[in-house]
Amino acid sequence: MIMTHWMRTMHDGILIGIGTALNDDPQLNTRHLPSRDPNLSENGHNNPYHLPRPIILDTNLRLSPTCKLLKNYAEGKGRRPWIVCSEPTETEHKVEWLNRQTALEKAGAGIIVLQVRHNSDGYLPISSVLDVLHKRGIHSVMVEGGAQVIRSFFATNSPVDTIIVTIAPTFVGEEGISYIVDSDNSVFTPVSTETFGRDTVVALVPTK
Ligand SMILES: NC(=O)C1=CN([C@@H]2O[C@H](COP(=O)(O)OP(=O)(O)OC[C@H]3O[C@@H](n4cnc5c(N)ncnc54)[C@H](O)[C@@H]3O)[C@@H](O)[C@H]2O)C=CC1
Ligand SMILES: Nc1nc(O)c(N)c(N[C@@H]2O[C@H](COP(=O)(O)O)[C@@H](O)[C@H]2O)n1
């Protein structure tokens, strides 16, 4: 987890899906890193490490206004989280959606409404997500899950340039979430393997 927190300092944005936000209520910050003089901070958050922008793919604005990401932002301990969504396709859901938008904005969230439709599974097109983020100054993104979002990033014309896999000696059983992907773009070559305590970390890059 400490390595994950180091990696978070190396990116402009850290992106997750709403499934992960609802299940784990993550903070997406660097709190497990060794303490440092806060005066070294240049990010205005009383944090000596670079904090990535939290980005949540949340098509239907299901994020809770009381989640830790918004709480941390309100307390000056994190950057404003951005939620990427699209407008509801059915007009009867519009009022409810606008109410959720208002509540989330009031809690501090930045809402980015894509001008493109999500697909029938509620997935936003990753190329449009990355385009809008790039225009807002996010030039490197660390995708931390979950499975559906990772699968989406491996679809045709995958923008992924490195995968970091942590293998823990734990059996997840039948309820474990599969990361298997079926596109040719999922062919990656391992370039480095390190062991940290009980965990093994493998870095992979796209096969040329
Ligand atoms: N072991 C690990 O390292 C990690 C595990 N997880 C686990 O993953 C689980 C959540 O995974 P999932 O249920 O797969 O949800 P997810 O976190 O991948 O979110 C999926 C949701 O994101 C939205 N979305 C919008 N655009 C999308 C797109 N282009 N592609 C995919 N989704 C898009 C949709 O509403 C979709 O239902 C959690 O239980 C969490 O604990 C999450 C992160 C890391
Ligand atoms: N990338 C990664 N590596 C690990 O070893 C992990 N255990 C996780 N878990 C995910 O991290 C999130 C919670 O962390 P924070 O509260 O944001 O620090 C959560 O989404 C877990 O699924 N990830």
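UniProt numbering applies: residue 1 is where the sequence shown begins, and numbers increase by one. All residues carry an ideal CB built from backbone N, CA and C; glycine is no exception.
| Item | Value |
| --- | --- |
| State yes or no: is the C-beta of ARG80 within less than 9 angstroms of the C-beta of ALA109? | yes |
| Taking 5 angstroms as the limit, name every residue whose beta carbon sits nearer than that to some heavy atom of ligand 1, in sequence order. | GLY17, ILE18, GLY19, THR20, ASN23, ASP24, LEU57, THR59, GLY122, TYR123, LEU124, GLY145, GLY146, ALA147, GLN148, VAL149, SER152 |
| Would you say the beta carbon of ASP161 comes nearer than 8 angstroms to a heavy atom of ligand 2? | no |
| Name the residue from CYS85, ASP161, ALA168 whose alpha carbon lies nearest to the alpha carbon of LEU133. | CYS85 |
| Mind checking MET142: buried by the 16 CB within 10 Å criterion, or exposed? | buried |
| Quick check on this structure: which residue in ASN60, LEU61, ARG62, LYS77 has the alpha carbon closest to the alpha carbon of residue 211? | As shown, the chain starts at 1 and ends at 208. That puts residue 211 outside it, with no answer to give. |
| Tell whether a beta-carbon distance below 9 angstroms holds between PRO159 and ILE111. | no |
| Am I right that THR89 and ARG53 are in contact with their C-beta atoms under 8 angstroms? What's the rounded C-beta distance? | Their Cβ separation, rounded to whole angstroms, is 28 angstroms, which puts THR89 and ARG53 out of contact at 8 angstroms. |
| Classify GLU144: buried if its beta carbon has 16 or more other beta carbons within 10 angstroms, exposed otherwise. | buried |
| Assign SER120 to one of two classes, buried (16 or more other C-beta atoms within 10 Å of its C-beta) or exposed (fewer than that). | exposed |
| Which whole-angstrom value describes the C-beta separation of HIS11 and SER140, a residue pair presumed to lie in contact below a C-beta threshold of 8 angstroms? | 5 angstroms |
| When we look at the beta-carbon of VAL149 and count the other beta-carbons within 10 Å, is it buried (16 or more) or exposed? | buried |
| Roughly how many angstroms separate the alpha carbons of GLY122 and LEU130, rounded to a whole number? | 17 angstroms |
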